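J.: Just remember that the working numbering sits 46 ahead of the position in the sequence shown, which is counted from 1.
The beta-carbon is built from N, C-alpha and C at its ideal position, and this holds for glycine as well.
Because the structure is a prediction, the values reported are computed rather than measured.
One structure, as structure tokens, below. Some questions next.
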Amino acid sequence: MAEALQQLVLDVLDREGSIKDTRTLTLPGSNEPDASSDAQITILGALNSLSSREMIKYDAHEVFTHVLTAEGAAIVKDGSHEARVWNALSSTPVPAADLKKLVGDETAKVGQGRAFKNGWIGKTGDGLIRTAETISDVTQEELKEIQTTGSLNAGEKVLADLRKRKLVVQKKGQWFTVKKGAEFSTSIAKPETDLTSDMLTSGKWKSSKFKKYNFEAEGIPTSGGALHMLLKVREEIRSIFLEMGFAEMPTQSYVESGFWCFDALFVPQQHPARDLQDTFYLSDPAKADQPDKAYYERVSRTHEHGDYGSIGYRAPWQHDESSKLLLRTHTTASSAHMLYKLAAKCRGENVDEDEQGAGVSQTSAEGTADDGFRPAKLFSIDRVFRNETMDATHLAEFHQVEGVVADRNLTLADLIGFMRVFFQKMGIEKVRFKPAYNPYTEPSLEIFAFHPMLNKWVEVGNSGMFRPEMLEPMGFPKDVRVHGWGLSLERPTMIRYGINNIRTLVGHKVPIDAVEASPAPTF
């Protein structure tokens, strides 16, 4: 059919020079011209095929026609509702209830009103009667005309009324004018698209006609790498930290000692988080080297006997527990390393010659003690490991987003104000805080954000102010306070991309097409 139609178009062009209206064409297999929309769509396919080879040129023209609905077709067959009501009545009164039985509820309901309006029927005390001897079913005649021609001579006002009554619908169609193209030919043989070795061997290439290459056409997009959703969100969060003046902490140490992961943070050695059920311990090597001896003794003394205003945990200190090697359970272990280095000048260590007195309390121009402390804002985004039972929302390996702010005389209000600004930059406007307990922060706050898609508050992070039992053994002055907070990278990513199972975010079940199609978030 397609090739026969293409040949018909070319033969008519060859004979007449142009086709002024494709509605006049008699399609192959038909005996008369077909102006229907379906026929014109079929013709359009043939025109596009010939146009792509520059054999023809064509212009499209729009046309609007009307077609009958199922109710309109029924009226053409059986008459309008009002005519059927008139036909069911006579000079003898018929009760309204009996009329419904004669013509049906819908016809009686619609037809009565229009028949009354036309003056065809009237009402007596006993029911309905005819008041007109003869009638002309104009609605039926109008619909017959539309069924035959697709239009109506009575005008747009009548058509609008028929559309309102849902007897006809307007349908948009098109027809075409066609002219010869630059490569016009009466042959529909398709040009060759490739030069093959067989054509070179046989010499067929000499007589073959080749399709022109379109050097301006865009090629098929090359398949390339795509950033995983976690990496996209991680980069956005990292940009927010850098914009706020933070420096990124080195977090390449996946293996830490019990001392730096727990003891330095004032987590008791009897805490359940240090059990095998919650932590991955190494078997080879199993023990870590002892940290700076003076610092180690200050931490152990604070745990066992108390110091710096604390009574400690009053439990025997176990060196073996402190020296165990493990996969870090949080990046706060890296924060502890960085804070210990930050306090070096406060301890009088690693200072330049012109700062030898930094370890001794001195008064600066502003009237504050120059004891070597310098404020700092640090962050990290990296992996941590927990001995978790894996399910739809938990993995044994995940990412932690962490930040610390160290300065003098910080308060809990400063922490709350900062967190509101930070989450606002992530696009989270509604934030709440709830008191909580952490071994190494006091006071501590859980952070909740309102999730508009879930229509509820969800926990998005944890925060607090590091305890003096953690900071003062490092060498920080008593007036130095440190804010700390952390949140997972996976949870905001799952919320951002509408993922409800973490195993479709990380692991072998991740759909590659979803990675390629997911846009970067706009915090």
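(1) Under the three-state reduction of DSSP, which class applies to D330: helix, strand or coil?
(2) For the beta strand (DSSP E) containing Q446, name the first residue and the last one.
(3) My guess is that G291 and K471 are in contact by the Cβ rule of under 8 Å, so how many angstroms apart are they, rounded?
(4) Smallest Cα separation from R429: which of T377, S98, F464 and F496?
(5) What is the C-beta distance between V214 and H112, in whole angstroms, given that I count them as a contact (C-beta under 8 Å)?
(6) Any contact of the segment 442 to 456 with the segment 521 to 538, i.e. 3+ C-beta pairs under 8 Å?
(7) Exposed or buried, R320, counting other C-beta atoms within 10 Å across all chains shown (16 or more means buried)?
(8) May I ask you to list the residues that DSSP assigns as paired with M511?
(9) Output needed for I427: all residues of its chain with C-beta closer than 7 Å, excluding positions within five of it in sequence on either side, in chain order.
(10) According to DSSP, simplified to helix, strand and coil, what is T378?
(11) Let me check one thing: in DSSP terms, what residues is K226 bridge-paired to?
(12) What residue range does the beta strand (DSSP E) around H497 cover?
(13) First and last residue of the beta strand (DSSP E) that includes D428?
(14) For T170, report the span of its beta strand (DSSP E) as first-last.
(15) Is A50 closer than 8 Å to P74 when the C-beta atoms are compared?
(16) Ignoring anything shorter than 4 residues or poking outside the segment 110 to 186, list the alpha helix (DSSP H) runs there in chain order.
(17) Roughly how many angstroms lie between the CA atoms of V55 and E229, to the nearest whole one?
(18) Does the beta-carbon of V504 have 16 or more other beta-carbons within 10 angstroms, so that it is buried, or is it exposed?
(19) Who pairs with R478 in a beta bridge, going by DSSP?
(20) Give the range of the beta strand (DSSP E) segment to which L373 is assigned.
(21) According to the Cβ coordinates, are R160 and E128 closer than 8 Å?
(22) Could you tell me whether the segment 80 to 98 touches the segment 129 to 140, where touching means 3 or more Cβ pairs closer than 8 Å?
(23) What is the DSSP secondary structure of I283, counted as helix, strand or coil?
(24) Could you tell me the alpha carbon to alpha carbon distance between P139 and Q186, rounded to whole angstroms?
(25) Give me the Cβ distance between G418 and C392, rounded to the nearest whole Å; I'm assuming they're in contact under 8 Å.
(26) Which residues in the same chain have their Cβ closer than 8 Å to the Cβ of H497, if we skip the five residues on either side of it in sequence?
(27) From R466 to I87, what distance separates their C-alpha atoms?
(28) Does the Cβ of G507 have 16 or more other Cβ atoms within 10 Å, making it buried, or fewer, making it exposed?
(29) Please go through the same chain and pick out, in chain order, the residues whose beta-carbon is closer than 8 Å to the beta-carbon of S64, but skip the five residues on each side of it.
(30) Please state if the CB of L385 and the CB of C307 are separated by a distance shorter than 8 Å.
T.: Based on what the coordinates show:
(1) In this structure, D330 counts as coil in the three-state DSSP scheme.
(2) Note, Q446: beta strand (DSSP E), E443 to R454.
(3) Contact check for G291 and K471: beta-carbon distance about 13 Å, past the 8 Å limit, so the pair fails to qualify.
(4) Considering only alpha carbons, the answer is T377.
(5) 5 Å between Cβ atoms; contact.
(6) The answer is yes - the segment 521 to 538 touches the segment 442 to 456, with three or more Cβ pairs under 8 Å.
(7) Looking at its Cβ environment, which holds 16 or more other Cβ atoms inside 10 Å, R320 is buried.
(8) Secondary-structure assignment with DSSP links M511 through a beta bridge to H529.
(9) Taken in chain order, the residues that qualify are R280, I283, R284, H445, V447 and L535.
(10) Three-state DSSP puts T378 in a helix.
(11) The partner list for K226 (beta bridge, DSSP) reads I102.
(12) First-last of the beta strand (DSSP E) with H497: T487 to H497.
(13) Annotation: the continuous beta strand (DSSP E) that includes D428 extends over A422 to F431.
(14) Secondary structure note for T170: its beta strand (DSSP E) is the uninterrupted segment I167 to T170.
(15) A contact, by the Cβ cut-off of 8 Å.
(16) Within the segment 110 to 186, the runs of alpha helix (DSSP H) at least 4 residues long that lie entirely inside it are, in chain order, 116 to 124, 127 to 134, 142 to 149 and 151 to 164.
(17) In a straight line, the C-alpha of V55 is about 14 Å away from that of E229.
(18) Its Cβ having fewer than 16 others within 10 Å, V504 is exposed.
(19) According to DSSP, which records beta bridges pairwise, R478 is partnered with F494.
(20) For L373, the uninterrupted beta strand (DSSP E) run begins and ends at L371 to L373, by DSSP.
(21) R160 places its beta carbon less than 8 Å from that of E128.
(22) For the pair of segments examined, the segment 80 to 98 was found not to touch the segment 129 to 140: the number of CB pairs separated by less than 8 Å stays below three.
(23) If DSSP states are grouped into helix, strand and coil, I283 belongs with the helices.
(24) One C-alpha to the other measures close to 26 Å.
(25) Indeed they touch by this definition, with Cβ atoms about 5 Å apart.
(26) Counting only Cβ-Cβ distances below 8 Å, and skipping sequence neighbours, we find W503, V504 and I541.
(27) Straight-line Cα distance between these residues: approximately 59 Å.
(28) Buried is the call here.
(29) These residues qualify, in order along the chain: T223, V224, K225 and K226.
(30) Going by C-beta atoms, C307 is not nearer than 8 Å to L385.
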